[in-house]
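Visitor:
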Amino acid sequence: MSKIYIGTSGWAHADWKEVFYPSDVKVGNKLEYYRQFFNTVEINSTFYHNPPYQTWKNWALQTGPDFVFGIKGSRFISHILKLDNSLEPIKSLWQGVRLLGGKAGPVFLQLPNQFELNQYRLEKFVQNLPTKLKIALEFGHPSWYQNQVFSILEEKNVGLVLNKDTLKQGIAPITANFVYVRLPGTDGDGEGKIEEGDLAVWAKSITGWLERGLDVFVYFTNHQQARAIQDAKELKNLLNC
């Protein structure tokens, strides 16, 4: 049975204190408080470094049995290597992700805007992925959005990260047995509140994906003033979940 996971990108934002987190919630207890409201969160620190063993284990211990983590993949893979010669870094990342056990959701890699289509690198990259690792790619450059790329992703069950721009442009192919959505705010810096009408459009799409038997992961990135929390709660209400 398909499942919907709705949450935010990160949970330890300082400006959420007294907006979302009560003043007496300590930093080390924020994740335990957060999980009372949401069944997923996107880990961002993994973009900068691979956390130590105990950190991965603590994240798993601080969350309930049905909680799932989305994981932002290493910038070493996405921005420095740009998918090239990435076998060892992928193995290193997988060694951490697997410590989450059944709470490990998809890893997403956010490729830089200047990185244009390189089909050879993409093909080599997807061939090196561990079979149990769910991964989704977010392409910054428009040259990647073409059918030959979608076919490569689909063959290896690699997801395409969807956002407001891909859906608006009608680019929303489903290339894996899950859907990964990242939603910034609606203003220029991506931090504004999302309009209810836009959330309703996403709710309709999500309902369709769930009916197709796809698990759906949705993360709001407009963290300033806890707007991501507000939007995540509104989407949950629209989907009655």
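Numbering (this note's numbering), first residue to last: 81 to 321. Cβ coordinates follow ideal geometry from the N, Cα and C atoms, glycine included.
DSSP state of residue 185, grouped into three classes?
Guide: Along the sequence shown, one-based indexing puts residue 185 at 105. Three-state result, residue 185: strand.
Visitor: Residue 295: which of 119, 162 and 109 sits nearest, CA to CA?
Guide: Within the sequence shown, numbered from 1, the residue matching residue 295 stands at position 215. Nearest C-alpha to residue 295: 119.
Visitor: How close, in whole Å, do the beta carbons of residue 312 and residue 301 come, if the pair is a contact with beta carbons under 8 Å?
Guide: Here residue 312 is taken as the residue at index 232 of the sequence shown, counted from 1. Here residue 301 is taken as the residue at index 221 of the sequence shown, counted from 1. Residue 301 and residue 312 do not touch by the CB rule: their CB atoms are close to 11 Å apart, not below 8 Å.
Visitor: Could you check the C-alpha separation between residue 211 and residue 238 for me, to the nearest Å?
Guide: Here residue 211 corresponds to residue number 131 of the sequence shown, with the count starting at 1. Here residue 238 corresponds to residue number 158 of the sequence shown, with the count starting at 1. One C-alpha to the other measures close to 11 Å.
Visitor: Determine the burial state of residue 176: buried for a count of at least 16 other Cβ atoms within 10 Å of its Cβ, exposed for fewer.
Guide: Translated into the one-based positions of the sequence shown, residue 176 becomes position 96. So residue 176 counts as buried.
Visitor: Using CA coordinates, which residue listed in 316, 198 and 159 is at the minimum distance from residue 190?
Guide: Translated into positions along the sequence shown, residue 190 becomes position 110. Nearest C-alpha to residue 190: 159.
Visitor: Check this for me: beta carbons of residue 306 and residue 100, under 8 Å apart or not?
Guide: Indexing the sequence shown from 1 puts residue 306 at position 226. Indexing the sequence shown from 1 puts residue 100 at position 20. Going by C-beta atoms, residue 306 is nearer than 8 Å to residue 100.
Visitor: Give the range of the beta strand (DSSP E) segment to which residue 215 is assigned.
Guide: Position 135 of the sequence shown, counting from 1, holds the residue named residue 215. 215-218 is the span of the beta strand (DSSP E), which, as asked, contains residue 215.
Visitor: Pull up the distance between the alpha-carbon of residue 320 and that of residue 314, whole angstroms please.
Guide: Taking the sequence shown and counting its residues from 1, one reaches residue 320 at position 240. Taking the sequence shown and counting its residues from 1, one reaches residue 314 at position 234. If you take the alpha carbons of residue 320 and residue 314, they lie about 10 Å apart.
Visitor: Out of 244, 222, 235 and 168, state which residue places its alpha-carbon closest to the alpha-carbon of residue 256.
Guide: The residue given as residue 256 occupies position 176 in the sequence shown. Selected option, being the one with the closest Cα: 235.
Visitor: Looking at the structure shown, is residue 122 part of a helix, part of a strand, or coil, going by DSSP?
Guide: Counting from one through the sequence shown, the residue named residue 122 turns up at place 42. In this structure, residue 122 counts as strand in the three-state DSSP scheme.
Visitor: Under DSSP, the alpha helix (DSSP H) around residue 260 begins and ends at which residues?
Guide: Looking up residue 260 in the sequence shown gives position 180. Counting along the chain, residue 260 falls outside any alpha helix (DSSP H), though it belongs to the beta strand (DSSP E) covering 258-263.
Visitor: Between which two residues does the beta strand (DSSP E) harbouring residue 89 extend?
Guide: Position 9 of the sequence shown, counting from 1, holds the residue named residue 89. Element bounds for residue 89: 84-89.
Visitor: Among the residues of its own chain, which have a CB less than 8 Å from the CB of residue 161, if the five just before and after it don't count?
Guide: As a position in the sequence shown, residue 161 is number 81, starting the count at 1. Contacts found: 169.
Visitor: Just tell me which of 136, 214 and 206 has its CA closest to the CA of residue 340.
Guide: Nothing in the structure corresponds to residue 340, since the chain is present only between 81 and 321.
Visitor: Pick helix, strand or coil for residue 278, following the three-state DSSP scheme.
Guide: In the sequence shown, residue 278 corresponds to position 198, counting from 1. In the structure shown, residue 278 sits in a helix (DSSP, three-state: H, G or I).
Visitor: Following the continuous beta strand (DSSP E) through residue 295, name the residue where it begins and the one where it ends.
Guide: Mapped onto the sequence shown, residue 295 falls at position 215. Residue range 295-300 is occupied by the beta strand (DSSP E) that includes residue 295.
Visitor: Secondary structure at residue 242, three-state DSSP: helix, strand or coil?
Guide: As a first step, residue 242 must be located in the sequence shown, where it is residue number 162. In the structure shown, residue 242 sits in a strand (DSSP, three-state: E or B).
Visitor: Considering only residues of the same chain and omitting the five flanking positions on each side of residue 290, which have a CB-CB separation below 7 Å?
Guide: Sequence index remark: in the sequence shown, residue 290 carries index 210 (1-based). If we look at residue 290 and ignore the five residues flanking it on each side, its Cβ neighbours are 82, 84 and 296.
Visitor: Determine, using beta carbons only, whether residue 89 and residue 303 come nearer to each other than 8 Å.
Guide: For the purposes of this step, residue 89 is identified with residue 9 of the sequence shown, where counting begins at 1. For the purposes of this step, residue 303 is identified with residue 223 of the sequence shown, where counting begins at 1. Contact: yes.
Visitor: In angstroms with no decimal places, state the Cα-to-Cα distance between residue 231 and residue 144.
Guide: What you label residue 231 is simply residue 151 of the sequence shown in a count that begins at 1. What you label residue 144 is simply residue 64 of the sequence shown in a count that begins at 1. C-alpha separation (whole angstroms): 36 Å.
Visitor: Measure the C-alpha to C-alpha separation of residue 108 and residue 196 and round it to an integer number of angstroms.
Guide: Within the sequence shown, numbered from 1, the residue matching residue 108 stands at position 28. Within the sequence shown, numbered from 1, the residue matching residue 196 stands at position 116. Going from the Cα of residue 108 to the Cα of residue 196 covers about 40 Å.
Visitor: Between which residues of its own chain and residue 131 is the CB-CB distance below 8 Å, once the five residues before and five after are set aside?
Guide: The residue given as residue 131 occupies position 51 in the sequence shown. Same-chain partners within the cutoff: 125 and 176.
Visitor: Going by beta-carbon coordinates alone, are residue 164 and residue 115 separated by less than 8 Å?
Guide: Taking the sequence shown and counting its residues from 1, the one referred to as residue 164 is at position 84. Taking the sequence shown and counting its residues from 1, the one referred to as residue 115 is at position 35. Residue 115 is positioned such that its CB atom lies no closer than 8 Å to that of residue 164.
Visitor: Given this structure, state the Cα-to-Cα distance separating residue 208 from residue 129, to the nearest angstrom.
Guide: Locating residue 208 in the sequence shown gives position 128, where the first residue counts as 1. Locating residue 129 in the sequence shown gives position 49, where the first residue counts as 1. Each residue's Cα considered, the two are about 21 Å apart.
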